[in-house]
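Residue numbers (the working numbering): 1 to 760.
Each residue gets a CB set at the ideal place from its N, CA and C atoms; glycine is no exception.
All figures in this text were calculated on a predicted structure; none of them were measured in a lab.
Worksheet for the structure shown next.
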């Protein structure tokens, strides 16, 4: 056991030139192993990136036993065979001396940074005993399981269900949940955007040129560069997407909903909407139209600072390009308590021009089962979903009560931050333990002090991760997961306009004693006496179950890494339907207009798009119809504080990776020159930001690219776990300034607040 201090941290340099000599002393770290050449699994391996949640298809090969070269998989056409800066830097995870490659057990107080190396068996036995003891005394529901979304979550949540706990959570309520739940309320399912074929794009802070999604980012580039599409951006700061726009409006934070409703007002009052589409495919239009009568552009100007004349003009320009136009429904924008209705209003602006299932608009994904019905033939194989006989259904209520006020939230996603309420206030009952996989709530949740308090109060905390993250530093046991370049996973569905599948595969042999998460939670389940719920032997057996033991299909997917089937299809786009029916002689008969419009259905109670929702009304009286409700995000003497993504980092997940830490290790605070001048602040000055819940010190970046009443910082910096971090200790910690507040219906954390600013 070794105690870590600041002196040991600064003794030398490690991979990528970043300071990390401390890793030579850290038990369980890669630095403690004798360096060996990387062992390639194959000459060129097709796989899936994991440097952000997009999970782009990649191709990777080992170079001279020293490095891994990562490029895009050319089979995935919409991704362009490319990777972003984060994807290209993934190889530096492998040989980073600070990486954890052996299980660790905490010695001393939580957060002190004292660890001892243990075996996997010791780790499993310790976890099994603690969790089973808690279950016996308090019930399985006293244990929460949380994971990064996607492939990493399934096996942990399977363990949680087998254990008997209903409490499983992804990061949904801290990032993407708002627009997903709004789509579920209106369409009954997720929808996708066809940016590449759009001729007019209205954007409310969805910064695809920094929060990069390779397919969608390339789609927007294609629209602007090849289709000459106009891009209009409403955002409080001059972001990269605002810089590339034809028009930028520095909207007041939290007023996106007002502008979106004013756009809808103009579309309806000036008869610019698609009457026929509304008549055939939409319910609740009358109630919505009546509500938006009051939301004139003049009213919106007073709320948002966007000129009324521009709102009217933009609405008319947008309608003139219909249906090949889109209002981007966003991802992470300026969050307010009215997040749910803000996203619904953005969807409504699309529905009004009838751009659903049209080029340049919105569409529903075409998975194999649906696609094959239209083709009249088995064009694409369907994947099986291996089931487990006798898997128990938890009987206790979830701590977030998603079956009540948050009924739209999917149960495996959950209202993540309610873990804190259940731990600190026993709401609705007392939580005793937290098991998490590759998630960092210390960075991604609001009110960091509450997160620390919760982690200290819990009886038992387990973290499965690649590094000792800011959160893992408070764990009792740390389980070292293999990086995405060292593990195989299930085949995943990547369907868009036509069915597609891809798979993550090992590129190099495992380094140290790390294991893939599926194996970790299977072996832990067996140690806990739950082995009957993990009948598969390995990942190959799981993959073969997915493809219904079709070895030829299995080999094809593994060889290519990404496989798509059929011709792209949008149900209301005549040219695409014509090409589809010409290609498939047994295809479903079209409507008289040459489309499949009449076959379009939605998983809502009415089977149509719901501009007003009786279901939502029953959940919360007065919320069935989209409407504007004023919110107060700051006091009169405060500045708005907003955050966003940067192109070289992914929220709180990549800031310690050597190459990316070197590219950006600090998050200077954007301040308008007039605001800075009043406070005597210049670029490079040390400043203090204070909110109702915390205070942070950072560096000023004075720029005209921000509103005078607003300051901005990129997310993921300012880690308080400085002894174990390479670069994240620099800059301000956004979560330490944000209060613990949850939006109704969608359950999102609120990411806008008021702060005071002072020069140090």
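According to DSSP, simplified to helix, strand and coil, what is residue i?
i           : result
residue 134 : helix
residue 739 : coil
residue 93  : helix
residue 218 : helix
residue 181 : helix
residue 57  : strand
residue 554 : helix
residue 436 : strand
residue 292 : helix
residue 21  : Any reading at residue 21 must be qualified, since the residue scores a pLDDT of 40, below 50, and its modelled position is unreliable; no value is offered.
residue 124 : helix
residue 1   : Below a pLDDT of 50, predicted positions are generally treated as unreliable, and residue 1, at 35, falls in that range; no measurement from the model is reported.
residue 385 : coil
residue 727 : Below a pLDDT of 50, predicted positions are generally treated as unreliable, and residue 727, at 46, falls in that range; the measurement from the model is reported next regardless. Coil, per DSSP.
residue 662 : helix
residue 371 : helix
residue 118 : coil
residue 682 : coil
residue 506 : coil
Can you name the start and end residues of the alpha helix (DSSP H) that residue i belongs to?
i           : result
residue 341 : 339-352
residue 710 : Residue 710 -> not in any alpha helix (DSSP H); beta strand (DSSP E) instead, spanning 710-714.
residue 72  : Here residue 72 belongs to no alpha helix (DSSP H); instead the beta strand (DSSP E) covers 67-72.
residue 734 : No alpha helix (DSSP H) contains residue 734, which DSSP labels as neither H nor E.
residue 256 : 256-269
residue 759 : Counting along the chain, residue 759 falls outside any alpha helix (DSSP H), though it belongs to the beta strand (DSSP E) covering 753-759.
residue 673 : 673-678
residue 545 : 539-546
residue 482 : Segment: none, residue 482 is in no alpha helix (DSSP H) and carries neither H nor E.
residue 567 : Segment: none, residue 567 is in no alpha helix (DSSP H) and carries neither H nor E.
residue 489 : Careful: residue 489 lies outside any alpha helix (DSSP H) and carries neither H nor E.
residue 519 : 517-527
residue 451 : 448-457
residue 243 : 240-243
residue 312 : 308-320
residue 580 : 574-583
Just tell me which of the options has its CA closest to the CA of residue i.
i           : options               : result
residue 702 : 339, 680 and 721      : 680
residue 245 : 204, 284, 454 and 36  : 204
residue 254 : 158, 177, 643 and 455 : 643
residue 410 : 346, 301, 190 and 326 : 190
residue 320 : 279, 199, 302 and 384 : 199
residue 31  : 91, 96, 564 and 231   : 96
residue 597 : 281, 163 and 659      : 281
residue 242 : 218, 264 and 210      : 210
residue 427 : 115, 142 and 192      : 142
residue 693 : 168, 649 and 451      : 451
residue 382 : 501, 291 and 419      : 501
residue 361 : 219, 54, 304 and 554  : 219
residue 588 : 571, 431, 248 and 251 : 571
residue 473 : 481, 483 and 462      : 462
residue 184 : 615, 658, 709 and 290 : 615
residue 396 : 464, 431, 531 and 682 : 431
residue 448 : 732, 687, 379 and 552 : 732
Kindly give me the distance between the Cβ atoms of residue i and residue j, rounded to whole angstroms, as I take these residues to be in contact under 8 Å.
i           : j           : result
residue 170 : residue 413 : 5 Å
residue 93  : residue 466 : 6 Å
residue 668 : residue 715 : With a Cβ gap of about 13 Å, residue 668 and residue 715 do not count as contacting.
residue 488 : residue 516 : 7 Å
Measure from the C-beta of residue i to each C-beta in chain C and report whether the shortest distance is under 8 Å.
i          : result
residue 72 : The chain labelled as chain C is not found in the depicted structure, where only one protein chain is given.
Tell me the residue span of the beta strand (DSSP E) that contains residue i.
i           : result
residue 699 : 695-702
residue 688 : 686-690
residue 279 : Counting along the chain, residue 279 falls outside any beta strand (DSSP E), though it belongs to the alpha helix (DSSP H) covering 275-281.
residue 46  : 45-48
residue 64  : Looking at the DSSP string, residue 64 is not in any beta strand (DSSP E), and its letter there is neither H nor E.
residue 299 : First-last for residue 299: 297-304, but that is the alpha helix (DSSP H), not the beta strand (DSSP E).
residue 163 : Segment 151-163 is the alpha helix (DSSP H) holding residue 163; no beta strand (DSSP E) there.
residue 462 : 460-465
residue 500 : 500-503
Could you tell me which residues DSSP puts in a beta bridge with residue i?
i           : result
residue 749 : 742
residue 644 : 714
residue 79  : Answer by DSSP bridge pairing: none, since residue 79 is not bridged.
residue 145 : 168 and 435
residue 100 : 29
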